[in-house]
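S.K.:
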Amino acid sequence: MKPTTKKYFEGLEAEIKRTYDYFKKARAKGVDPSNEIEALPAEDLATRVEGLVGPTGVRKVINELGRDNICAIIDWLLRGVTPQSGEEQKTEAIDQAVRTSLAILTEGVVAAPLEGISKVKIRSNPDSSQYLSLYFSGPIRSAGGTAQGLAVLIGEYIRIKLGLAQYRPTRDEVERYVEEIKLYNERVSRLQYLPKDDDIRLIVEKAGVCVDGDPTERIEVAIHRDLKRVESNRIRSGLCLVIAEGLAQKARKLMGYANSMSLDYSFLSEIGKKKSQKNESENEKVKAAFMQEIVGGRPIFSGPSAKGGFRLQYGRCRDSGLAAKCIHPAAQILLNRFPATGTQLKIERPGKGAIVAECTEIEAPVVRLKSKSVVRVETREKALEVEDQVEEILFLGDILVSYGDFLQTNTRLLPAGYCDKWWSLHVKEKNVETCETPTPSQAVELSSKHGIPLHPRYTYHWRDISLKKLQVLVEWLKSGVMREDCLALVWDNPQAKRVLEVLGVPHQVEGGSVYVEEYLPLLSQLGFSPGQEKPVAGGFDEAFNKYSGEDTLDFVKSISSLPVLDKSGTYIGARMGRPEKARERRMQPPVHSLFPIGRLGGRERNINVAAEKNTLVVDCAKYLCPGCQSRNVTRRCPVCDGVGELTRYCSSCGRSVESDECPSCGSQAKYFSLTQIDLKSLWRSAIEKVGRSSNVKAVQGMISEYKIPEPIEKGLLRAVNDVYVFKDGTIRFDATDAPLTHFKPREVD
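Laid out in structure tokens, this is it:
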């Protein structure tokens, strides 16, 4: 590591430590409900996992074994647990192993390991053998389809290791899964992928573990009700997500993981097969999936494999990879800025979606202007200059996709179009010195002299036109007039002009004439040679009459005086998914303070207005000061400055109690009660401490379990700085998760 880079990171760490020291001092004042900081810094994945789900010591094991060695980590987590261990010991160990493994898979940054798995149980089959049941809930969605499916594979690995039997569902139980998943898709939320009925049956019967869940929806199944081993008739969203979007949708990908874990999950290869047997090609299936559920107001940038759409280019730059795919910044502007950086795309392949990133080193868009001229738009500045003049986008430019995205989604690699990086390798192979982008004449000379394929800038989209249209173009070119710097054509053939546009050949239209500056490479590829006055067609007509194929590019290769490669490659369809929305997360309506003021704050819910009423009565927690025995809504006692302790109250008679139940009436105790608050004095005290005043918007009441009000000072500070609080007491900012391998500090605006 360079000394400057090392110094940079050391500076970050020092600033983080300094900030946390301030946090600790602030918490030590006893104003907040806890003196401890909940969100501690984690230096790596292993530390995050240990802090999130535990157990103590797993950090060292993850670092030693490696995050990819899940099976060895599970073995460590299950140490001391054998098939002969008690059911309670097994259940606790399985619960810990599943959560820790899922936390590793999800990088320890989502709620799935904590909230996505509600519990695990060891239950009995009809033959009294014991099986493992995993209970999933709605937040498992945040793990993503692959991790959802892997959670089941992890459960299967544990089941085998601990000698548990396979889950043996009855016919009614299997049909309950089918009914429930279809009902969830129809009545609750559209699934990303709805498996066929037979696929659901196959997964339930062969998975080995029971994919279960707690009831989450009010909607109930109508047919397969009141089953002995199914605890509710209500829909269980967790299992619907895991089976449909996990095991079924990611079946091919999960097979690889299953093989690496030595699990017999070969049945996954059967998922979706019956659909394939109906003479439906893979391309047709991909297109159908890509164009499903189009949302009004979200544009389709290019249809499935549509000519002139985004051209597939393999590679990666610093802001792509991990499902982030780059397009040219000029394309962003020309598409009315819809695909802004961070926007989600629904794409044809690989995978289902991506987020937009920028790259200027890829092929730029080609457009036809209102003047009928065709130009390459190679810079952001050029796009801004011509955006109001664009009549049609003829070619959207490249979409840069990393090889890893194909590997991760188990998608077959597709042909890429010829690009300048490829051309550079050909030049290097021939040991030829040349400029990065040659002129048309230089490109033709290099290609002719050294046998190098013609530079991609001057190679055109021959596959995008038919042989018949090529013939129309050639007849038009024969009528052209050679000039010193261009080929001049009379604009009397709209069909031929259209062929020139589809090929992506830049040209200018002035009056009734069309001027082609890149005439030399164009004519050379068609077997022409520039004559004194007109292009010389060579043997085009004879070759055309003899050619028996249908591939235009193949024919062009046969008549070209230069080596020509495929410029088009594979086109990728794309449409807009979710718009990019990096912004502050606010409650509705937005508030500065989580202090309850009832309805005294008026429509604006201002503490300032409520404070004019002197006192208010609301449900909130109270603290008992151990020094003067006074009860206050603030943790710091306003009388003696002592640190109070939360007290409980009977929900029926209202008396203060120390146990979970009232000793007098047996009712449940809770930490809040109707309390009269001297809001005016609290408001004045807050203004004195902060030293400034502002309109502070608060809440009418609290929905938390303890109903502990926030210090008013916090809300006042937020109002002064124009920031808002979320319901958990944090100031949140929603940002798109995008990769960036490196940057230079001077690049930060």
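The sequence shown begins at -5 in the working numbering and counts up by one.
The beta carbon of each residue, even a glycine, is placed where N, CA and C say it ideally should be.
1) Taking all protein chains shown into account, decide if VAL426 is buried (16 or more other Cβ within 10 angstroms of its Cβ) or exposed.
2) So what does GLU214 bridge to, in DSSP terms?
3) Spell out the partners DSSP gives MET476 in its beta bridges.
4) What would DSSP say about ASN487, mapped onto helix, strand or coil?
5) Is the beta carbon of PRO557 less than 8 Å from the beta carbon of GLY445?
6) For GLY744, which of LEU594, LYS366, GLU82 and ALA145 has the nearest alpha-carbon?
7) Can you tell me which of the three DSSP states ILE288 falls into?
8) Given a cut-off of 8 Å, decide if THR337 and ILE349 are closer than it, judged by their beta-carbon atoms.
9) If we ignore side chains and look at the alpha-carbon of each, how far apart do LYS708 and LYS19 end up?
10) Once DSSP output is grouped into helix, strand and coil, what is the label at LYS364?
11) Expressed to the nearest angstrom, what Euclidean distance is found between the alpha-carbon atoms of LYS23 and ILE725?
12) Could you check how far apart the C-beta atoms of GLY411 and LYS561 are, in whole angstroms? I think they sit under 8 Å.
13) By alpha-carbon positions, which one of SER518, THR564 and GLY596 ends up nearest to LYS691?
14) Return the first residue and the last residue of the alpha helix (DSSP H) that GLY149 is part of.
15) Considering only the beta carbon of each residue, do LEU774 and ASP206 sit closer than 8 Å?
16) Leaving out five residues before and five after GLU357 in sequence, what residues of the same chain have Cβ atoms less than 6 Å from its Cβ?
17) How about GLY132 and SER226: do their beta carbons lie closer than 8 Å?
18) Looking at ALA106 and ALA137, is the spacing between their C-beta atoms short of 8 Å?
19) Spell out the partners DSSP gives GLY521 in its beta bridges.
20) For a test of the three-state rule: what should DSSP assign to SER263, helix, strand or coil?
21) Would you call the segment 329 to 343 in contact with the segment 568 to 578, where contact means no fewer than 3 C-beta pairs closer than 8 Å?
22) When DSSP builds the beta bridges, which residues end up paired with TYR617?
23) Answer yes or no: do VAL215 and GLU173 have a C-beta to C-beta separation smaller than 8 Å?
24) Quick one: what does DSSP say THR735 is sitting in, helix, strand or coil?
25) If I'm right that ILE67 touches SER95 with Cβ under 8 Å, what's the distance once you round it to whole angstroms?
26) Looking only at C-alpha atoms, which of ALA141, GLN623 and PRO359 sits nearest to ILE237?
27) Look up PRO434 in the DSSP assignment and say whether it is helix, strand or coil.
28) What's the C-alpha gap between LYS738 and GLU639?
29) Taking just the CA atoms, how far does LYS267 sit from ILE553?
30) Can you tell me whether DSSP reads ILE134 as helix, strand or coil?
31) With respect to the alpha helix (DSSP H) encompassing TYR308, which residues constitute its N-terminal and C-terminal limits?
32) In chain order, which continuous runs of the beta strand (DSSP E) of length 3 or greater are located wholly inside the segment 650 to 674?
33) So, under 8 Å CB-CB, SER661 and CYS644 are touching, yes? Tell me the CB distance rounded to an integer number of Å.
34) Is the Cβ-Cβ distance between LEU673 and LEU610 less than 8 Å?
35) Quick one, which of GLU511, LEU39 and GLN465 has its alpha-carbon nearest VAL550's?
36) Quick check on the DSSP output: the alpha helix (DSSP H) that includes ARG165 runs from which residue to which?
M.R.: In short:
1) For the purposes of this step, residue 426 is identified with residue 432 of the sequence shown, where counting begins at 1. The residue is exposed, with fewer than 16 neighbouring Cβ atoms inside 10 Å.
2) Counting from one through the sequence shown, the residue named residue 214 turns up at place 220. Answer is ARG228.
3) Working through the sequence shown from its first residue, we reach residue 476 at position 482. Partner(s): LEU481.
4) Residue mapping note: residue 487 aligns to position 493 of the sequence shown, counting from 1. ASN487 falls in the coil class under three-state DSSP.
5) Along the sequence shown, read from residue 1 onward, the residue named residue 557 stands at position 563. Along the sequence shown, read from residue 1 onward, the residue named residue 445 stands at position 451. Yes, the Cβ-Cβ distance between PRO557 and GLY445 is below 8 Å.
6) As displayed, the chain neither begins before -5 nor continues past 743, which places residue 744 out of reach and without an answer.
7) Taking the sequence shown and counting its residues from 1, one reaches residue 288 at position 294. In the structure shown, ILE288 sits in coil (DSSP, three-state: anything other than H, G, I, E or B).
8) By one-based count along the sequence shown, residue 349 stands at place 355. By one-based count along the sequence shown, residue 337 stands at place 343. Yes, these two residues count as a Cβ contact at 8 Å.
9) As a working note, residue 708 is residue 714 in the sequence shown. As a working note, residue 19 is residue 25 in the sequence shown. Roughly 16 Å separates the two Cα atoms.
10) Residue numbering aside, residue 364 sits at position 370 when the sequence shown is read from its first letter. Coil, per DSSP.
11) As a first step, residue 23 must be located in the sequence shown, where it is residue number 29. As a first step, residue 725 must be located in the sequence shown, where it is residue number 731. Whole-angstrom Cα-Cα distance: 21 Å.
12) Against the sequence shown, residue 411 aligns to sequence position 417. Against the sequence shown, residue 561 aligns to sequence position 567. Contact flag correct, Cβ pair sits at about 5 Å.
13) By one-based count along the sequence shown, residue 691 stands at place 697. Per the Cα distances, GLY596.
14) Residue mapping note: residue 149 aligns to position 155 of the sequence shown, counting from 1. Its alpha helix (DSSP H) spans residues 139 to 155.
15) With the chain covering -5 to 743 only, the question about residue 774 has no answer from this structure.
16) To locate residue 357, count along the sequence shown from 1; it is residue 363. Once the five neighbours on either side are set aside, the close Cβ partners of GLU357 are GLY391 and ASP392.
17) Taking the sequence shown and counting its residues from 1, the one referred to as residue 132 is at position 138. Taking the sequence shown and counting its residues from 1, the one referred to as residue 226 is at position 232. No, these two residues do not count as a Cβ contact at 8 Å.
18) Here residue 137 refers to the residue found at position 143 when the sequence shown is read from its first residue. Here residue 106 refers to the residue found at position 112 when the sequence shown is read from its first residue. Contact: yes.
19) Locating residue 521 in the sequence shown gives position 527, counting from the first residue. Partner(s): none; GLY521 has no beta bridge.
20) As a first step, residue 263 must be located in the sequence shown, where it is residue number 269. It is helical.
21) yes
22) On the sequence shown, residue 617 is found 623 positions in, with the first residue counted as 1. Answer by DSSP bridge pairing, in chain order: ASN626 and LEU640.
23) Start at 1 with the first residue of the sequence shown, and residue 215 comes out as number 221. Start at 1 with the first residue of the sequence shown, and residue 173 comes out as number 179. Yes; because the gap between Cβ atoms is below 8 Å, this pair is in contact.
24) Against the sequence shown, residue 735 aligns to sequence position 741. If DSSP states are grouped into helix, strand and coil, THR735 belongs with coil.
25) Counted from its first residue, the sequence shown places residue 67 at position 73. Counted from its first residue, the sequence shown places residue 95 at position 101. Yes, they are in contact, since the Cβ atoms of ILE67 and SER95 sit about 7 Å apart, within 8 Å.
26) Locating residue 237 in the sequence shown gives position 243, counting from the first residue. The shortest Cα separation from ILE237 among ALA141, GLN623 and PRO359 belongs to ALA141.
27) Translated into the one-based positions of the sequence shown, residue 434 becomes position 440. In the structure shown, PRO434 falls within a helical segment according to DSSP collapsed to helix, strand and coil.
28) Here residue 738 corresponds to residue number 744 of the sequence shown, with the count starting at 1. Here residue 639 corresponds to residue number 645 of the sequence shown, with the count starting at 1. Approximately 50 Å, taken between the alpha carbons.
29) Locating residue 553 in the sequence shown gives position 559, counting from the first residue. Locating residue 267 in the sequence shown gives position 273, counting from the first residue. ILE553 and LYS267: Cα-Cα distance of roughly 44 Å.
30) Along the sequence shown, one-based indexing puts residue 134 at 140. ILE134 falls in the helix class under three-state DSSP.
31) Your numbering for residue 308 matches position 314 in the sequence shown. Where TYR308 is concerned, there is no enclosing alpha helix (DSSP H), although the beta strand (DSSP E) it sits in stretches over 304 to 308.
32) 666 to 672
33) Taking the first residue of the sequence shown as 1, we reach residue 661 at position 667. Taking the first residue of the sequence shown as 1, we reach residue 644 at position 650. SER661 to CYS644, Cβ: 5 Å. Contact.
34) On the sequence shown, residue 673 is found 679 positions in, with the first residue counted as 1. On the sequence shown, residue 610 is found 616 positions in, with the first residue counted as 1. Yes; because the gap between Cβ atoms is below 8 Å, this pair is in contact.
35) For this step, residue 550 is matched to residue 556 along the sequence shown. Of GLU511, LEU39 and GLN465, the residue nearest in Cα terms is GLN465.
36) For this step, residue 165 is matched to residue 171 along the sequence shown. Residues 165 to 177.
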